[in-house]
Structures are given as C-alpha cells and as structure tokens.
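Some notes on the structure that comes next.
Residue numbers (full-length UniProt numbering): 1 to 496.
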C-alpha cells in the first residue's frame, strides 16, 4: 500500500513540474498508440482508435473555441454513455472549457437545477434525450446555447438547438491552436454527487484528482497496458469515467463501453471483447449471481473485478462461481481526500490504513454523536479517535499543497464549507468530513458500515431525500413529506 501511495505521489509531482494536464497526458498516449483501440462501443461494435478519439476531441476543442468559449467557461453534457461522451468532455478540456456531467436519468426540475448549479453557458445533449430537453427548454434560460449530438429529429429537439455533428465534421482535427493556461491543480470537469445532505452538488474535479483516482486503480491492482476493461457503469460518475475510462486516457488500456448494464449479456460481452477487468457496484454482482448458469461465465478471461459495495457473503460466492481471481474493492467519493483500497483481497474490507504509520496517509475514524452525527470532542477541543472495532466517521486531513490530500469541494462555496471541520487531529488543522461511518479492525482493515445524512442508496446511486420529498410534495398538493431509507432483506440498496 505504501509503495502504491509513493508511486502515485511521485508521478503526480513529476507531471506537476512538467505542467501536464489530462489532455496533454492523453495526447502523449495517442501519439504512442495511434492505431490501438481506445474505446469500443458495445451497442454497435464500433472501435475508436486513439487517433480517432484524439482527432474527434480536437474538433470539439476547435469548434468551441471558434464559438467563443474559453478558459473557465462551463458546458453541461447530458447524454447516454458512448464514446462521443468521452470525446466531448476531453475536447472541451483541450479548449480550457469545463464540462458539467449531468445524470442522464434526471428530468424536469432536477435536470434544470443541475444545469443551473454548474453555471453552464451551453448544453450538449444526446439525440436520445431530446424529449427530456424539450420538456424543460423554456426553464433553462434564453441565453443557454443548445447543441444536439447524434440523431437530430426536428420534431423532438428544441427549436433553438443546433445539430452538433455537422459542425464537428467541418472543424479542424489538429490540436487547438490556443492552448489553455491550465495545470494539474485547475478544474477539469464537474461530477454531481448527492453526498449526504440536500440537493445534488457539483463536485469540482481538478486534473490532479482525475489522475490520482485512475493511477491509484492502475498501480494498486497491477493493471497492464494490454488489459481490456468492461465498463457498464454510467460515465457521469467517477467510477465509470475516471476509474474506468481514465485507464484508457492515461495508461493506454482499451475500454469497452456499455450503455446500460445487462445481467444476461454481461459474460457474453466479456468473452466477445476478451475483457480482463470488469467494473462493478455491489448490486451488479448480486444481479449476476441471480442469473442462471451460462457457458460464457466459465469461458471469460476476467482476472480482476474493481468496484465498491460488495457484501462479504456475495464476495465469496462471486469469486467461487465466476472464477475471478482478484476483487479490487475500494472506498472513495468523487470529491474526497480519504480514499482507501483493499489490495490483498481481505473479504468484506473496503480498504486499509496502517496503524503503525498512520501519518503517512492522515485519515482517521473519529467518534460522533449517533443521533446528531456531530463530532465528539475531548477537553482540548479535538476530535476523539475511535479504537479498533468502534464505528466512527471517516475524515481526511486537508493539505492543499499535497495532491493526495487536497479538497477542492463544490461549485457552491457554502456546500464546500459544510464538509470541512476544524481542529480535528490537532489545533489549527482542517479535515474533510466524508459523512460515512466505517470501522477499523486491529490490523488496520476498514469496513463500510453506514452512510449518514439525507440520502438513501438505490441501484448503485446515492439519492437525495430532499429531491424525492420535493417531487412527492408537488404531486400531493404541497403536502409535507418525509423520505428515508429502509433496508431490503438480501439486497444492497436502501430505497426510500
């Protein structure tokens, strides 16, 4: 674990000195592997080489620069998972423009809220979601520029929307001439997180955070350039877009993108595309175990499954039935500075932190009031560390000079300040409050216990109770509504 930490830190420092960004790191990979498959789209079998992805993203960057977009501008991206999604945010980044990655399941007020919260000047949406955009077009504001990617049906798209595809076809495919003055500590894009309180928040993802998450996965689980990753997780989340696609952009792996998870097709896809790594959330593993036995589940080449939320009883059954040799369970939120990983397959553990050298990676479990979730403090005003076996709130000490410990927060400054506590481990320090309760054993292995705050978990998504309460209240003539999560026997979710 220490070796992985130091290696990621070394590479981050090196890239920082060189003025690297994610687009620059990708361009180096594309020059080295121009004809290798970067992305494969399962829905069509289409293969995007690194050259094609590079040229497509160059066209995006050039077009938006021609349209007057520049450094620090925000463009909302609302489309289903496909290679163009990656090329669009990457191309925007080449122009210094920051994409806001919107959950394609959102509709009406929630959709409008997330677009507005990002401060976006324009919206790029997939043709498959044209009806959802037309429904809220008037609520997005008259100044919002709209571009439709993919199928363009004039009967469905808003009247003021432009078809993006022909514009991109006429844009230069050489690198944008105006290179944005950005570095690793600058903003790359925004990912929405329900977090633990209130409405979804636009979490800031800087270039170094993207690199850090992808590199941790690569080195911690000994991924290799020849690996093929099967990614059926949504690309508007960090697991699919960073832990998955990040291996393609930074390390040159091939990633198979599936628009939507299918339990019945999962192993057939893995066999067809010769996948060696799969991504999961706990629910996916349970759905696969509930499927009838198929020939493909014993013919695949998958050696590693990377993800989170895998319960102990499912863990062992999953590895036994499907013959996957390694489970790469990890813990981490998009914005957190206290990610942990299980490197040696300890069943049920989501990570490890040394009890002998705790300051190498200064994260802690601290005591909280079980009813209010407020931090418990000692006579000196500092937080009280938990003993082994004692549940506590996971916190990470903040150091903005250290790319592994910095906390960039959210677009909303008030939301950012609510996630920071002071005088936690020592006087004058700051720490990120994860909102999650974990427990550590005598050896330093950590286990997820519960999520505090106003969310519940459903099908791998953290759902804001505030959103659901608002939607129900409108339907019920503004009646008072309270939503909370309840467990399902034999399931991983806590639906509201």
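Don't be surprised by glycine CBs; every beta carbon is placed ideally from N, CA and C. Here the structure is a predicted model, which means the values were calculated and not measured.
Own chain residues within Cβ distance below 6 Å of residue 259, not counting five before or after: 43, 80 and 81
3 or more residues per run - each beta strand (DSSP E) lying fully within the region 65-101: 74-78 and 98-101
Near the ligand FMN: residue 106 beta-carbon under 6 Å from a heavy atom: The ligand FMN is not part of the structure shown, which contains no ligands of any sort.
Any 3 or more C-beta pairs closer than 8 Å across the region 232-247 and the region 311-321: no
Proximity of residue 189 and residue 98 at Cβ, strictly below 7 Å: yes
Inter-stretch contact (C-beta, 8 Å, three-pair minimum) for the region 316-336 and the region 281-299: yes
Beta strand (DSSP E) runs wholly inside the region 314-358, at least 3 long, in chain order: 326-331
For residue 318 and residue 216, the rounded distance between their alpha carbons: 24 Å
Terminal residues of the alpha helix (DSSP H) in which residue 17 lies: 2-18
Cα-Cα separation, residue 375 to residue 388: 18 Å
Bridge partners - residue 147, DSSP secondary structure assignment: 124 and 162
Inter-residue Cα distance where the pair is residue 199 and residue 35: 43 Å
Proximity of residue 366 and residue 393 at Cβ, strictly below 7 Å: yes
Residue of 74, 92, 225 and 235 minimising C-alpha distance to residue 29: 225
Whether residue 341 touches residue 397 by CB criterion (7 Å): no
Through-space distance from residue 345 to residue 447, alpha-carbon basis: 13 Å
Helix, strand or coil at residue 189 according to DSSP, with G and I counted as helix: strand
Inside the region 398-459 only - beta strand (DSSP E) runs reaching at least 3 residues: 420-422, 430-440, 445-451 and 455-458
Cβ-based burial, residue 422 [other Cβ within 10 Å; buried from 16]: exposed
Outcome for residue 356 when other beta-carbon atoms lying within 10 angstroms are tallied against a minimum of 16: exposed
CB of residue 96 within 7 Å of CB of residue 60, strictly: no
Opening and closing residue of the alpha helix (DSSP H) in which residue 304 lies: Taken as a continuous stretch (DSSP letters only), residue 304 belongs to no alpha helix (DSSP H), being part of the beta strand (DSSP E) at 304-308.
Residue 516 versus 53, 56, 8 and 116, residue with shortest Cα-Cα distance: The question about residue 516 has no answer, for the chain in this structure spans 1 to 496.
Closest residue to residue 45 among 65, 83 and 429 (Cα-Cα distance): 83
Residues of its chain near residue 415, where Cβ-Cβ distance is below 6 Å and the 5 sequence neighbours each way are ignored: 201
Residue 118 versus residue 210: straight-line alpha-carbon distance, rounded: 19 Å
Closest residue to residue 85 among 205, 124 and 349 (Cα-Cα distance): 124
Exposure label - residue 360; buried when at least 16 CB within 10 Å: exposed
Cβ-Cβ separation, residue 102 to residue 230 (assumed contact under 8 Å), whole Å: Actually they are not in contact, since the Cβ atoms of residue 230 and residue 102 sit about 24 Å apart, beyond 8 Å.
Validate contact between the region 170-179 and the region 141-152 using beta carbons, cut 8 Å, 3 pairs: no
Chain-order list of residues whose beta-carbon lies under 6 Å from that of residue 233 (same chain, five-residue window excluded): 239, 240 and 279
For residue 383, the three-state DSSP class (helix, strand or coil): strand
Continuous alpha helix (DSSP H) stretch holding residue 27: start and end: 22-32
Residues near residue 249 in its chain [Cβ-Cβ closer than 6 Å; skip 5 each side]: 26
Nearest-angstrom beta carbon gap, residue 206 and residue 191 [assumed within contact, 8 Å]: Not quite, the Cβ-Cβ distance comes to about 12 Å (not below 8 Å), so this is no contact.
DSSP three-state assignment for residue 279, whether helix, strand or coil: strand
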